[in-house]
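Heads up, the thing below is written out as structure tokens.
There are 2 protein chains.
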Amino acid sequence: MLQTRRFTDRSALSMPTTPTKPRPARKAVVPAAEGTRRHRQIADKRAAILGAALGLFSRFGLHGTTIDQVAAAADVSKTNLFYYFANKEALYVAVLRDLLDVWLEPLRAFAADQDPHEALAGYIRSKLAFSRDRPEASRLFCLEVIQGAPLLRDELANALRALVDEKAGVIRTWVDGGRLAPVDPHHLVFALWAVTQHYADFATQVELLTGRTLADPDFFEETVANVQRIVLQGAEPRA
Amino acid sequence: MLQTRRFTDRSALSMPTTPTKPRPARKAVVPAAEGTRRHRQIADKRAAILGAALGLFSRFGLHGTTIDQVAAAADVSKTNLFYYFANKEALYVAVLRDLLDVWLEPLRAFAADQDPHEALAGYIRSKLAFSRDRPEASRLFCLEVIQGAPLLRDELANALRALVDEKAGVIRTWVDGGRLAPVDPHHLVFALWAVTQHYADFATQVELLTGRTLADPDFFEETVANVQRIVLQGAEPRA
DNA sequence: GTCTATAAACAGATAGAC
DNA sequence: GTCTATCTGTTTATAGAC
């Protein structure tokens, strides 16, 4: 049972994604270079690999995806892929990093001087659009968090927490001003995330049960309207 | 690249969980036997393995978990585990099967002769209790559906769909009777699932952002109250 | 930067003794 | 039923030529 393998440097935010399975590492790569040139080619290739990796990781998870599959999907050789990313985990982390930024974006829009109804309705629409346009991103994020967010923990605890606390303050302002019902800001944020991401993460189930997908414009609008209605007005009839 | 391996019989509802990676199979096992005896021991061992497998699969996924880990967690030898389950996938399917029954249970309670408010509020409470008491079950279900439900597809399309359609009918009755706002039954069900399962699937994020978990009775009640309020009355103040 | 081997070792599964 | 030993293909990663 004893391990004779050398340990990865596992920089910064890395934590084991599975009980105990260290894998060897290598020198840092990423040649990256000057302003403009044919180094554009490099960036493009990196992007192609990252895109292919997102598609596969989000469907099969880190361990369910092989480097061979990513290389094939990105149309590069496996060896070549390792020229751009030191190892599998580094690639996975790079994908997650890109993800978090775009995943957070809709939330940044929230501001206290907005009308609460407009702000919430708009947020629901943009998050549902995200579920429609970038379902793999939503799914990979979900996969990562389900597994305890081993690689995103720090960012969630810092960047995300700061942002959410700020927006919770905005919501609290609205509640205190009587412009929203007395709901806890955090729970409201969770509800917004949950109902909107559901259509990406559980797209399979949604399609199996309704026979439709967000790609269908009618279904998208119907979904937006229903989610807005439920979260804003509630399921009970108004008095 | 050519595959010289024999193919698994992959009984019934099996579909590849990953692009193309068939693995050899074996004779069907599961000795299982008469009414009572020391065959109780067998059932216990099976249960221990299933329990350990649920814990690991839900955290690391099918491919992120090794049979060695399951065996160790269940305190049986790897070879012995293979006596009870033909192969890794069979074990995974067995875990999922057990899961679906218990996951569906709360929904069965729904009946048209109930008061809509009572029914929905009660459903929210029982689903949140499930998220508190069996988070691994919720997470494994989520993992499976995210990945396209390769092993649950049939059951979702049949058993689940039938049940949901029936309950959608109940909700529609309430809507038509003016006892619920005019919301689409399917979207309401999705919203109920999403907001309640979120506290299990995204428990890591919830804890990172609020510092609390459903295991805390105060937080549990606070969550129940907020989710009920949002889904039933909505976030906007009543006129 | 990209490719052709090839190392290194794991993880799933099995044979066969007890 | 349970164990020891072992086989097999897969998969990550690297060395070294071009």
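Line order of the protein sequences matches chains A and B. If you use our numbering, the first sequence corresponds to residues -19 to 219, in order. If you use our numbering, the second sequence corresponds to residues -19 to 219, in order. Just so you know, even glycine gets a beta-carbon here, dropped at the ideal spot from N, CA and C.
Report the neighbours of residue i on chain A: residues whose CB is nearer than 7 angstroms to its CB, in chain order.
| i | result |
| --- | --- |
| B:F170 | H178, V186 |
| B:L212 | G214, A215, E216 |
Tell me which residues share the same chain as residue i and place their Cβ nearer than 6 angstroms to its Cβ, disregarding the 5 neighbours each side in the sequence.
| i | result |
| --- | --- |
| B:M(-19) | For B:M(-19), the predicted structure reports a pLDDT of 33, less than 50, and the residue's modelled location is therefore unreliable. A value from the coordinates is still provided. Nothing meets the Cβ criterion. |
| B:T153 | A92 |
| B:I126 | none |
| A:A23 | none |
| A:A142 | none |
Please compile the residues from chain B whose C-beta is within a distance smaller than 8 angstroms of the C-beta of residue i.
| i | result |
| --- | --- |
| A:D164 | E202, N206 |
| A:Q127 | R39, F40, G41, G44 |
| A:H19 | By Cβ distance, chain B contributes nothing, its closest Cβ being about 32 angstroms from A:H19, past 8 angstroms. |
| A:R119 | I126 |
| A:V144 | L189 |
Could you check which residue in the options has the C-alpha nearest to that of residue i?
| i | options | result |
| --- | --- | --- |
| B:V204 | B:L172, B:Q185, B:T184, B:G191 | B:L172 |
| B:L87 | B:F170, B:D55, B:S57 | B:F170 |
| A:L189 | B:V150, B:N138, B:A219, B:F199 | B:N138 |
| B:D113 | B:T193, B:I47, B:Y63, B:A70 | B:T193 |
| B:D95 | B:D145, B:L160, B:S111 | B:L160 |
| B:A215 | A:D196, A:P162, A:V186 | A:P162 |
| A:Q49 | A:R209, A:Y63, A:N60, A:A32 | A:A32 |
| A:E135 | A:L80, A:G102, A:F199, A:E187 | A:L80 |
| A:A195 | A:A23, A:I210, A:F110 | A:F110 |
| B:G128 | A:T46, A:R18, A:N60, A:V186 | A:V186 |
Can you tell me whether residue i sits near the ligand HEM, meaning its C-beta is under 8 angstroms from at least one heavy atom of the ligand?
| i | result |
| --- | --- |
| B:G31 | The ligand HEM is absent from the structure shown, which contains no ligands of any kind. |
Residue i to residue j, Cα distance in whole Å?
| i | j | result |
| --- | --- | --- |
| B:K68 | B:L132 | 16 angstroms |
| B:A121 | B:R77 | The residue asked about is misnamed: residue 121 of chain B is Phe in this sequence, not Ala. Answer to the nearest angstrom: the Cα atoms are 10 angstroms apart. |
| A:E85 | B:R20 | 55 angstroms |
| B:D156 | A:P217 | 11 angstroms |
| B:L34 | B:E116 | 7 angstroms |
| B:S106 | B:A28 | 26 angstroms |
| A:F37 | B:G44 | 12 angstroms |
| A:F62 | B:R39 | 28 angstroms |
| A:T16 | B:L71 | 54 angstroms |
| B:Y64 | B:R26 | 7 angstroms |
| A:P2 | A:A101 | Only weak support exists for where A:P2 lies, its pLDDT of 49 falling under 50; the value from the coordinates is given anyway. Roughly 46 angstroms between the two C-alpha positions. |
| A:G158 | A:A219 | 18 angstroms |
| A:D198 | B:L140 | 24 angstroms |
| B:H178 | A:I151 | 20 angstroms |
| B:E201 | A:E146 | 25 angstroms |
| A:T(-16) | B:D55 | With a pLDDT of only 34 at A:T(-16), under the threshold of 50, the placement of this residue in the model should not be trusted; the figure read from the coordinates follows. So the two alpha carbons sit approximately 25 angstroms from each other. |
| A:A183 | B:A183 | 21 angstroms |
| A:R6 | A:R18 | For A:R6, the predicted structure reports a pLDDT of 49, less than 50, and the residue's modelled location is therefore unreliable. A value from the coordinates is still provided. Going by the C-alpha atoms only, they are around 26 angstroms apart. |
| B:G191 | A:G191 | 39 angstroms |
Taking 7 angstroms as the limit between beta carbons, can you name the residues of its chain near residue i, skipping five residues before and five after?
| i | result |
| --- | --- |
| B:H97 | L212 |
| B:G41 | L123 |
| B:D181 | S118, R119, C122 |
| B:S57 | A51 |
| B:A53 | A32, G35, L36 |
| A:A74 | L30, F65 |
| B:W83 | A117, F121 |
| A:A99 | F90 |
| A:I47 | K58, L61, K68 |
| B:V144 | V169 |
Could you pull out every residue in the same chain whose Cβ sits closer than 8 angstroms to the Cβ of residue i, ignoring the five residues on either side in sequence?
| i | result |
| --- | --- |
| A:V207 | I104, L108, V175, T176 |
| B:A148 | P165, H166, V169 |
| B:I210 | V175 |
Which chain A residues sit within Cβ distance under 8 angstroms of residue i?
| i | result |
| --- | --- |
| B:G158 | P217 |
| B:A137 | L188 |
| B:V175 | F170, A171, A174, V175 |
What does residue i touch in chain B if you count any residue whose Cβ is under 7 angstroms from its own?
| i | result |
| --- | --- |
| A:F182 | V125 |
Give the interface partners of residue i over in chain B, defined as CB-CB distance under 9 angstroms, in chain order.
| i | result |
| --- | --- |
| A:L100 | A215, E216 |
| A:A161 | R209, I210, Q213, G214, A215, E216, P217, R218 |
| A:R105 | Correct list: empty, because the minimum Cβ distance to chain B is about 15 angstroms. |
Just the chain A side, please: which residues come within less than 9 angstroms of residue i by C-beta, in chain order?
| i | result |
| --- | --- |
| B:R141 | L188, L189 |
*Write down every uninterrupted run of the alpha helix (DSSP H) in the region 78 to 144 of chain A whose length is 4 residues or greater and which is fully enclosed by it, in chain order.*
Here the runs fully enclosed are 96 to 113, 115 to 126.
*Only counting runs of 4 or more residues, tell me where the alpha helix (DSSP H) segments fall wholly within the region 156 to 210 of chain B, in order along the chain.*
With a minimum length of 4 residues, the continuous alpha helix (DSSP H) runs that stay inside the region 156 to 210 of chain B are 165 to 181, 183 to 190, 197 to 208.
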